[in-house]
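Undergrad: Structure below; questions to follow.
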Amino acid sequence: MKEFFGLLKKGSRSALWASIINAVLAVIKGITFFITGNVAMFAELMHSIGDSANQLFVFIGSALSKKAPTDRFPGGFARLVNLVLLGAVLIVGILAYETIVKGIHHIMEPPGSGSWFWLNISVLGIAVVLESFVLFKAMKEITGDLGKDIKGFSIVTESFKNVGDAKPATKLVFLEDLVATVGALIAMIAIVIGTYTPFIQAEGYASVIIGLMLFYVVGRIFLDNAAGILGVSDEDMEKKIGDLVFEEPDIKDIRTLMVIREGDELHVELKVELDPNKTVGEADKIRDNIEKKILNEKGVTEVIIESDVDDHVQSWNNPKTSK
1 MKEFFGLLKK
11 GSRSALWASI
21 INAVLAVIKG
31 ITFFITGNVA
41 MFAELMHSIG
51 DSANQLFVFI
61 GSALSKKAPT
71 DRFPGGFARL
81 VNLVLLGAVL
91 IVGILAYETI
101 VKGIHHIMEP
111 PGSGSWFWLN
121 ISVLGIAVVL
131 ESFVLFKAMK
141 EITGDLGKDI
151 KGFSIVTESF
161 KNVGDAKPAT
171 KLVFLEDLVA
181 TVGALIAMIA
191 IVIGTYTPFI
201 QAEGYASVII
211 GLMLFYVVGR
221 IFLDNAAGIL
231 GVSDEDMEKK
241 IGDLVFEEPD
251 IKDIRTLMVI
261 REGDELHVEL
271 KVELDPNKTV
281 GEADKIRDNI
291 EKKILNEKGV
301 TEVIIESDVD
311 DHVQSWNNPK
321 TSK
């Protein structure tokens with residue numbers, strides 16, 4: 001139990017914050033829905049329940065994935081976070097389906113104009129503020145992983161540019177809270193339209209739109225984490241490490257280079273070609289220098305390097321010779 005709580009300290013903080021805030025929002029939205037019966041509020045209630053449960057699982061999964069390898073699992077637990085996220089998206093998928101069904105029912109059989117306008121608007125306004133807070137924390141986590149001092153509005157623009165390279169847990173929080181913030185705004189607009197115009201089906205359409213956005217998150221997260229479980233290669237990091245290896249003047253060629261992403265971790269397997277006149281001791285020193293450089297890269301936890309003599313057949317594009 002002590003080890004478990006120790007691992008929880010290493011979990012994704014953005015996921016923990018998101019889970020707590022969405023749980024609070026789910027309670028507030030649930031009370032509001034039972035008072036008002038507003039279908040747009042129901043969609044937002046389903047969204048907050050799904051997000052809270054999801055992000056709690058993500059927090060626990062991201063923490064447990066940091067567990068050290070054991071005799072039974074010598075490969076470690078890095079891919080556990082991908083497995084947890086695959087389970088988490090099932091919850092979102094079910095709630096997205098319920099949200100769409102409720103919205104279609106509202107469109108087909110719209111009730112009379114509802115009351116409690118200001119209560120609905122106030123609750124959704126609070127939701128926008130709190131979801132935006134969590135979204136911004138996820139943005140800061142994404143930009144923080146870039147290793148640059150990014151401040152101000154650049155945090156927003158850079159997070160959108162680099163969300164594809166974010167950690168699995170952070171990416172899920174980012175996508176879910178982006179959809180949640182936009183969804184709350186759509187629900188507010190729909191309530192205004194349904195209250196002050198004859199278009200009373202607006203709230204039903206809003207519910208359907210929110211449900212479809214949730215399905216987008218399901219698809220995106222499912223594909224990313226299915227690839228993560230299989231062990232997806234990181235092509236951008238392969239190119240970066242390839243250029244890094246060729247900074248060593250004694251490297252003649254790279255025969256093979258693989259960078260496999262497992263959860264938040266990167267595993268590097270590399271085979272380089274050296275001058276045949278190099279001694280064993282010199283070759284070991286070259287490999288040690290390369291290993292230190294690669295381990296300094298963000299997310300790299302394991303490096304396996306083999307070496308062989310130069311076969312004079314270029315296998316990898318050498319940036320020094322291509323200039």
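full-length UniProt numbering numbers the first residue of the sequence shown as 1 and each following residue consecutively.
Each residue gets a CB set at the ideal place from its N, CA and C atoms; glycine is no exception.
For T32, count the other beta carbons within 10 Å of its own beta carbon; 16 or more makes it buried, fewer makes it exposed. Which is it?
TA: The residue in question, T32, is buried, as its Cβ has 16 or more Cβ neighbours within 10 Å.
Undergrad: Applying the 10 Å Cβ sphere with the 16-neighbour rule, what's the burial state of H47?
TA: H47 should be labelled buried.
Undergrad: Taking 8 Å as the cut-off, decide whether the C-beta atoms of V84 and G61 are in contact.
TA: Closer than 8 Å, so yes.
Undergrad: When you compare the segment 97 to 106 with the segment 149 to 165, are there three or more beta-carbon pairs, one atom per stretch, that lie closer than 8 Å?
TA: No, the segment 97 to 106 does not touch the segment 149 to 165.
Undergrad: Whole angstroms are fine: how far does the CA of L223 sit from the CA of R79?
TA: Distance between the alpha carbons of R79 and L223: 14 Å.
Undergrad: Give the single residue among I210, F77, S307 and L266 whose Cα lies nearest to the Cα of D234.
TA: The option with the nearest alpha carbon to D234 is L266.
Undergrad: The alpha helix (DSSP H) that contains L64, what's its start and end?
TA: Note, L64: alpha helix (DSSP H), V39 to L64.
Undergrad: With DSSP collapsed to three states, give me the class of E141.
TA: DSSP places E141 in helix when its eight states are reduced to three.
Undergrad: Exposed or buried, A68, counting other C-beta atoms within 10 Å across all chains shown (16 or more means buried)?
TA: Answer is exposed; the Cβ neighbour count stays below 16.
Undergrad: Based on the DSSP output, what are the partners of R261 in its beta bridges?
TA: The partner list for R261 (beta bridge, DSSP) reads V232 and L266.
Undergrad: How far does the alpha helix (DSSP H) with E247 in it extend, from its first residue to its last?
TA: Taken as a continuous stretch (DSSP letters only), E247 belongs to no alpha helix (DSSP H), as it is neither H nor E.
Undergrad: Name, in chain order, the residues that DSSP records as bridge partners for V309.
TA: In DSSP, V309 forms a bridge with L274.
Undergrad: Can you name the start and end residues of the alpha helix (DSSP H) that V101 belongs to?
TA: Note, V101: alpha helix (DSSP H), L80 to M108.
Undergrad: If you count every other CB in all the chains shown that lies within 10 Å of the CB of T197, and 16 or more means buried, which is it?
TA: Burial call: exposed.
Undergrad: Using the beta-carbon count (16 or more within 10 Å), is P168 buried or exposed?
TA: Per the 10 Å Cβ criterion, buried.
Undergrad: Three or more C-beta pairs closer than 8 Å, one from the segment 82 to 96 and one from the segment 183 to 190: is that the case here?
TA: With a cut-off of 8 Å, the segment 183 to 190 and the segment 82 to 96 do not count as touching, because too few Cβ pairs lie within range.
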